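Reviewing the structure listed below.
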Amino acid sequence: MAENAAAKTYNTRDEVDFVIVGSGSAGGIMAKELSTAGFSVVVLEQGPHLTAADFRHDEWAIEHSNELTWNTRQGHPQTFRRTENDVAQTGVGGLGYAHNVGGSSVHYSGNFWRMRPLDFNEASVRGGVPGTNFVDWPISYEELEPYYTKVDWEIGVSGQQGPWDPPRSREYPCPPMPVKSSDVLLERGAKALGLTAYPAPVAILSQPHNGRPGCIHCGFCNGYGCEANAKSSTMVAMIPLALASGNCELRTGCTVARVNTNEAGRANEVVYWDANGVEQSQHAKAVVLCANGAETPRLLLLSESAQHPNGLSNSSGMVGKNLMFNCHASAVGLFEQPVNAWKSVPATRVIHDYYALDPALGFYGGGGIDGRHPTRGTPMGSAMNALFSGPTWGADYKRNLARNFSYTAAFSGHCTSLPLETNNVSLDPELKDKFGRPALRTTYLDHPDDIATAKFFMERCLELMDAAGAIQKVGTYPENGQRGSVHLLGTCRMGNDPATSVVDRFNRSHDVPNLFMVDGSSMVTSSRGQPTMTIMALAFRAADNIIGFARRGEI
Ligand SMILES: Cc1cc2nc3c(=O)[nH]c(=O)nc-3n(C[C@H](O)[C@H](O)[C@H](O)COP(=O)(O)OP(=O)(O)OC[C@H]3O[C@@H](n4cnc5c(N)ncnc54)[C@H](O)[C@@H]3O)c2cc1C
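Each residue of the sequence shown is one higher than the last, beginning at 2 in the numbering used here.
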């Protein structure tokens, strides 16, 4: 655990320039950018400040006890229902994220796809999808490109420009990861089918960069923190720079309860419980919410007042709505020879031939396919997921387990989710968390086009398995809809129209001029999967603009 070696501390009664809520993928970037620009910054993070020394290959702690993620055991229950006509239940699904400095960037897999120009105006180019809130973004790829490049170089991304990748202003700082075994099979299948598998961009260093070492290929990326500091989290790439600025205080173990506004309708105070559970508050000139696509809307809804009876920044009624997960599909194949796909980073090659599906198919969608280990690449992950039917106990089970762990590979499809008002996060009317706050309630049922897209991707993955030489295969996709995700997108969507969006093109609240929502919640569409590259680019862009506003006295 790191000492919070903040060079600076602020009094809670002092009015700092910015309070940032959450220190994850977006919050870490905001902290670094605003503090190194000379502004006084207090970051409130509910979790601890871990370091590489805290990260172990402890499968029980991570995969069974979910130690890095917020869960019921830690006093943070959630409920889930498919539609508003259903009774929301605990233990049937949920939204996953890490509660620690660096947020989910500490335990993500690090697959880092840029969105393409089409993603930003697809509704116009392709046409809308009736019954959805599928619209264009208020910004273009060209406006975001410099910030994607900033992510590449400041956060640290390894890759190589692919045949259909969007234009980039600078090469990747690190070469692509060496191809792993499951991706040799993906390449084989792709070649046989006339598709192109090319190096997948990852937020993991293939060689030393910015004072951090290259990857040691231990295989413990997905869900685990990196003991080598090669994974490019904001914990290692941004927070140290924020603290070194001398302008940033990082307060850990501090759970924000609400944001208060003054009579002029400006956010002026952030109320939180400190590490001892004592209520505190911090005064600020401006507030930046980076608590993710689940917790940012929850905080806004919890910040209701006489002035804001439906929650803060919710005049549009869109806070919490349009939740998008990204849909997915997979094919697992058994091979005659050992594959050992558990080695190295989760994915090293990707196929993007199906980025945008032909509208003639009759449904909207698109995505990419990469090659991986079928489970998290850990023995316990394999033991907990029966890949092929067979005995679930005894000597035969053990023999199958050993075989399945080493002789299998998965081809995984990552694809679009449409924004729907009916898919949302809201406050559970009955269940409370350990602070007595209404628990997070998720209502989610994938749009039929998302399920059709996932099925399309499963079929392509199965074809690739055949072409790669699998002797046995099984395909899956969420045919009845997803019950949870770690991609939490769209719940404070960006837009030009205050009647239909929560933040403007600069991530500023339409309703409260000194309040900014900067995290996965501002995404307008879901990307094709792997949204965090875009979340980080949006954070760098928002910071640039917020610094400009602050310097010009426009906040
Ligand atoms: C296992 C796993 C694998 C993943 N793999 C990939 C991948 O390969 N590619 C990809 O693109 N994405 C991946 N993701 C998703 C990615 O991690 C998220 O999209 C991204 O981190 C979201 O960034 P964010 O800034 O919106 O929020 P987060 O990173 O979740 O940060 C939010 C922070 O706010 C804090 N917080 C929340 N509420 C409060 C409060 N009330 N008070 C104080 N602090 C608060 C949280 O503790 C957290 O630190 C993965 C996620 C997981 C869990």
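C-beta atoms are modelled at their ideal positions from N, C-alpha and C, and glycine is treated no differently. Here the structure is a predicted model, which means the values were calculated and not measured.
Run of the alpha helix (DSSP H) containing residue i, from where it starts to where it stops
| i | result |
| --- | --- |
| N481 | Counting along the chain, N481 falls outside any alpha helix (DSSP H), and DSSP gives it neither H nor E. |
| C462 | 449-469 |
| R299 | 293-303 |
| D137 | Note, D137: premise wrong, no alpha helix (DSSP H); not H, not E. |
| L362 | Neither: L362 is in no alpha helix (DSSP H) and is coded neither H nor E. |
| T188 | For the sequence presented, residue 188 should be read as Glu rather than Thr. 182-194 is the extent of the alpha helix (DSSP H) around E188. |
| E555 | That residue, E555, is in no alpha helix (DSSP H); it is neither H nor E in DSSP. |
| M583 | Any property of residue 583 remains undetermined from this structure, which presents the chain solely from 2 to 556. |
| K33 | 26-37 |
| Y398 | 395-408 |
| E253 | Per the sequence shown, the amino acid found at residue 253 is Thr instead of Glu. Where T253 is concerned, there is no enclosing alpha helix (DSSP H), although the beta strand (DSSP E) it sits in stretches over 249-253. |
| G312 | That residue, G312, is in no alpha helix (DSSP H); it is neither H nor E in DSSP. |
Any non-hydrogen atom of ligand 1 closer than 8 angstroms to residue i Cβ
| i | result |
| --- | --- |
| D520 | yes |
| T379 | no |
| Y148 | no |
| I634 | Given a span of 2 to 556 for the chain in the structure shown, any question on residue 634 remains unanswerable. |
| Q531 | yes |
| H108 | yes |
| I536 | yes |
| A238 | no |
| Q483 | no |
| G294 | yes |
| Y98 | yes |
| P174 | no |
| C255 | yes |
| A62 | no |
| Y273 | yes |
| H557 | Outside the displayed span of the chain (2 to 556) sits residue 557, for which this structure offers no information. |
| A540 | yes |
| A258 | yes |
| P347 | yes |
| C291 | yes |
| V102 | yes |
Residue i, enclosing beta strand (DSSP E) - first and last residue
| i | result |
| --- | --- |
| G369 | 368-373 |
| A538 | Looking at the DSSP string, A538 is not in any beta strand (DSSP E); the run it does join, the alpha helix (DSSP H), is 533-552. |
| I217 | Where I217 is concerned, there is no enclosing beta strand (DSSP E), given that its DSSP letter is neither H nor E. |
| V20 | 16-22 |
| D429 | 425-433 |
| P557 | Look at the range of the chain in this structure, 2 to 556, and you will see that residue 557 is not part of it. |
| L441 | 439-444 |
| V271 | 268-274 |
| R350 | 350-352 |
Among the options, nearest to residue i - alpha-carbon criterion
| i | options | result |
| --- | --- | --- |
| F502 | S314, Q162, V44 | Going by the sequence as given, residue 502 is Ser instead of Phe. With distances taken between Cα atoms, S502 lies closest to S314. |
| G25 | D55, S105, E16, T73 | S105 |
| L539 | C291, S36, S427 | C291 |
| L186 | E337, P532, E16 | E337 |
| V475 | M534, K151, A387 | A387 |
| F412 | K181, D450, T37 | K181 |
| R350 | R83, G163, V102 | G163 |
| D520 | Y98, F56, K344 | Y98 |
| M236 | K433, V44, F436, L419 | V44 |
| F436 | G266, Y273, N269 | Y273 |
| M1 | M385, L35, V333, R252 | For residue 1 there is no data in the structure shown, the boundaries of the chain being 2 and 556. |
| S170 | Y148, L300, A307, R267 | Y148 |
| D166 | I352, T256, A468, T417 | I352 |
| T423 | G215, E68, N86 | N86 |
| N1 | K232, F19, D359 | The structure shown does not extend to residue 1, since the chain is modelled only from 2 through 556, so no value can be given for it. |
| K322 | Q47, P420, G414 | P420 |
| K9 | A500, L244, F517, Y408 | L244 |
| N277 | S527, G48, E172, R529 | G48 |
| V320 | P339, S306, L300 | L300 |
| G372 | G39, L358, K344, A357 | K344 |
| P339 | S183, E188, T297, S306 | S183 |
| L96 | I21, V426, A38 | V426 |
Heavy atom of ligand 3 within 8 angstroms of residue i beta-carbon
| i | result |
| --- | --- |
| G491 | With respect to small molecules bound, the structure shown includes ligand 1 and not ligand 3. |
Min CB distance residue i to chain D below 9 angstroms
| i | result |
| --- | --- |
| R552 | No chain D is present in this structure, which holds just one protein chain. |
Exercise. Could you say if the segment 110-122 and the segment 502-515 meet the contact criterion of at least three C-beta pairs nearer than 8 angstroms?
Key: Counting C-beta pairs with one atom in each stretch, the segment 110-122 and the segment 502-515 have fewer than three that are closer than 8 angstroms, which means they do not touch.
Quiz item: Three or more C-beta pairs closer than 8 angstroms, one from the segment 317-337 and one from the segment 473-493: is that the case here?
Solution: Contact annotation: the segment 317-337 touches the segment 473-493, with at least three C-beta pairs closer than 8 angstroms.
Quiz item: Between the segment 487-495 and the segment 75-90, do at least 3 Cβ pairs fall closer than 8 angstroms?
Solution: The segment 487-495 vs the segment 75-90: no contact.
Quiz item: Would you call the segment 218-238 and the segment 370-382 in contact, with 3 or more CB pairs under 8 angstroms?
Solution: Touching, yes, given that three or more Cβ pairs across the two stretches are closer than 8 angstroms.
Quiz item: Using 8 angstroms as the Cβ pair cut-off and three pairs as the minimum, do the segment 199-214 and the segment 148-161 touch?
Solution: Two segments are said to touch when three or more pairs of C-beta atoms, one from each, lie closer than 8 angstroms; by this definition the segment 199-214 touches the segment 148-161.
Quiz item: Touching or not, the segment 433-453 and the segment 384-403, by the rule of three or more beta carbon pairs under 8 angstroms?
Solution: The answer is no - the segment 384-403 does not touch the segment 433-453, with fewer than three Cβ pairs under 8 angstroms.
Practice problem: State whether the segment 40-55 contacts the segment 126-138, with contact taken as three or more CB pairs (one from each stretch) at a distance under 8 angstroms. | Solution: Touching, no, given that fewer than three Cβ pairs across the two stretches are closer than 8 angstroms.
Quiz item: Contact between the segment 192-199 and the segment 26-37: three or more CB pairs below 8 angstroms?
Solution: No: fewer than three Cβ pairs fall under 8 angstroms.
Quiz item: Within the chosen definition, does the segment 267-284 reach the segment 242-255 through at least 3 CB pairs nearer than 8 angstroms?
Solution: In this structure the segment 267-284 touches the segment 242-255; the number of beta carbon pairs closer than 8 angstroms is three or more.
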